[in-house]
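Quick notes on the structure that follows.
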Amino acid sequence: MTRPTPRTIDEYLDDLRAALRGEDPALIQDALYDAEEHLRAEFAENPGVDPAELLAKISTSYGAPDEVAEIYRDKEIVVERALRPPPPVPRTSALGRFFGVATDPRAWSALFYMLLALPTGIFYFVWTVTGLSLSFGLMILIIGIPFAALFLATVRALSLVEGRIVEVMLGERMPRRPLYVQRNVPFVERVKTMFTDPRTWSTMLYMLLQLPLGIFYFVLFVTMLSVGLALALNPIVYATVGFGLIDINGQFWVPPLALMPFTIALGIAMLFGLLHLARGIAKFQGALAKSLLVPAG
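full-length UniProt numbering numbers the first residue of the sequence shown as 1 and each following residue consecutively.
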C-alpha cells in the first residue's frame, strides 16, 4: 500500500520513522537528524512556497521516506562491513577458544576501555553533579535558565562523545548525529523540551553510573593483571635474579618446586581470563549505553 505524500515535516519524519521500524535506534536517530536538517533548510530557503507542494518536490529530489529508509539500510550494511574488525580464527577445542581470545581486537580495545572508564567516569560525575547543583541553585537569578540550557547542551554533546567512544572501542552501534534542535523555536521552549526529554535525565544517570563502574573496571583490571603476572612470572624472576614478585609480610613468597607449574598456569589463565572478562564487559557496557543514551526507535 502506497503512503500518501507527507504534507508537513513532522509527517515526513513520522513516515521515515515508521519505514525504519525495527532498525537499530542509533541508525534511526541519524536518519531522522539528516532528514530534518535537510527539510528545514529547504523550508528556510523557500518561505513563500506551500508546505505540501514543497514537500512533494523534496520527496522527488531527496527521496520519499520509504526510499530514504532503504538508502540508510544499504549504507549501514556497507559501513558496518568496512568498520568491522577481521573475525578471529574459529577454534574447535575448548583450549583453542580460551586462548584464541588474544587474537580478538575487540577484546584488547575493551581492555583499554576498562582503563579509560575511570578518568572519563570521574569527569562525567563531577560535570553532572556540579552542573545540576549550579543549575538549580541559580534558578532564582536571571542567569539561571541560560546556565541550565548551556549545561543541558553540554550533556547532549558529552552523550555524543561517549557514544563515539563506545562504538569505536566496544563495537556497539551508537548515534553519529545529535538530536535535532529547531533553531527557530523560542529559547524557553527549547530549554523546556530538554528538561522534559527523558533522554536528558537518562544520559545524566549514565554519567553518574560511570564513576562506580569506572572504579570497578579499573580495580578489576589492575587486580587481575597484577596477580596474573605475579603468579606467572614469580618463579622465573626468583630463579633469575634471586627475589620474587609476591611479597607477604616483607618476605618474598615462592611456591614449592612441585607447585610452580600450577601457579604459572593459574597466572596465565588469569591473564587470558581478563580478556574474556573484557569482552563480557564490552557487551554489558554497550547495552547500557544503548539503553540510556539512545532514544528508542
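Cβ coordinates follow ideal geometry from the N, Cα and C atoms, glycine included.
Note that the coordinates shown come from a computational prediction; the quantities given were computed from them, not determined experimentally.
- For Ala-269, the enclosing alpha helix (DSSP H) covers residues 260-293.
- C-alpha of Phe-272 to C-alpha of Met-260: approximately 19 Å in a straight line.
- The C-alpha of Ala-278 lies about 10 Å from the C-alpha of Gln-285.
- Rounded to the nearest whole angstrom, the CA to CA distance from Glu-42 to Ala-56 is 12 Å.
- Cα atoms of Leu-152 and Thr-200: separation of roughly 7 Å, rounded to the nearest angstrom.
- In the three-state DSSP reduction, Arg-173 falls in the coil class, being neither helix nor strand.
- In this structure, Leu-16 lies away from Pro-47, with their beta-carbon atoms at least 7 Å apart.
- Two segments are said to touch when three or more pairs of C-beta atoms, one from each, lie closer than 8 Å; by this definition the region 68-86 does not touch the region 133-147.
- Taken in chain order, the whole alpha helix (DSSP H) runs of length 4 or more contained in the region 141-216 are 144-170, 187-196.
- With contact defined as three or more Cβ pairs closer than 8 Å, the region 95-110 and the region 193-208 are not in contact.
- Sequence-distant partners of Arg-177 (beyond 5 residues in either direction) whose C-beta falls short of 7 Å from its own C-beta, in its chain, are Gln-29, Asp-30, Tyr-33, Asp-34.
- Considering only Leu-179, Ala-265, Val-126, the residue with the shortest C-alpha distance to Pro-212 is Val-126.
- Membership of Gly-121 in the alpha helix (DSSP H) is indicated by the continuous run 105-137.
- Sorting Ile-268, Tyr-217, Val-227, Val-89 by C-alpha distance to the C-alpha of Gly-121 places Tyr-217 at the top.
- A distance below 6 Å between beta-carbons, with the five flanking residues on each side excluded, links Gly-228 to the following residues of its chain, in chain order: Gly-267, Met-270, Leu-271.
- If you draw a 10 Å sphere on the C-beta of Pro-6, you find 16 or more other C-beta atoms in it, and that means buried.
- Note that the C-beta distance between Ser-135 and Ala-148 is below 7 Å.
- A check of alpha carbon separations from Gly-96 across Ile-281, Glu-189, Ala-232, His-276 identifies His-276 as the nearest.
- Just measuring C-alpha positions, the residue of Ser-59, Ile-9, Ala-287 sitting nearest Leu-170 is Ala-287.
- In this structure, Glu-172 lies near Val-166, with their beta-carbon atoms less than 7 Å apart.
- Annotation for Thr-60: the continuous alpha helix (DSSP H) segment containing it runs 51-61.
- Contact between Ala-232 and Ile-264 is confirmed by a C-beta separation of about 5 Å, below the 8 Å threshold.
- Burial state of Pro-119 is exposed, judged by a 10 Å Cβ sphere holding fewer than 16 other Cβ atoms.
- In this structure, Ile-77 sits away from Leu-39, with a CB-CB distance that is not shorter than 7 Å.
- The DSSP-derived three-state label of Ser-226 is helix.
- Excluding the 5 residues flanking it on each side, Ser-202 has same chain C-beta neighbours closer than 7 Å at Leu-292, in chain order.
- In the three-state reduction of the DSSP assignment, Gly-100 falls in the helix class.
- Closest in alpha carbon position to Leu-274, among Leu-150, Phe-98, Ile-71, is Phe-98.
- In this structure, Ala-69 keeps its C-beta atom at 7 Å or more from the C-beta atom of Leu-27.
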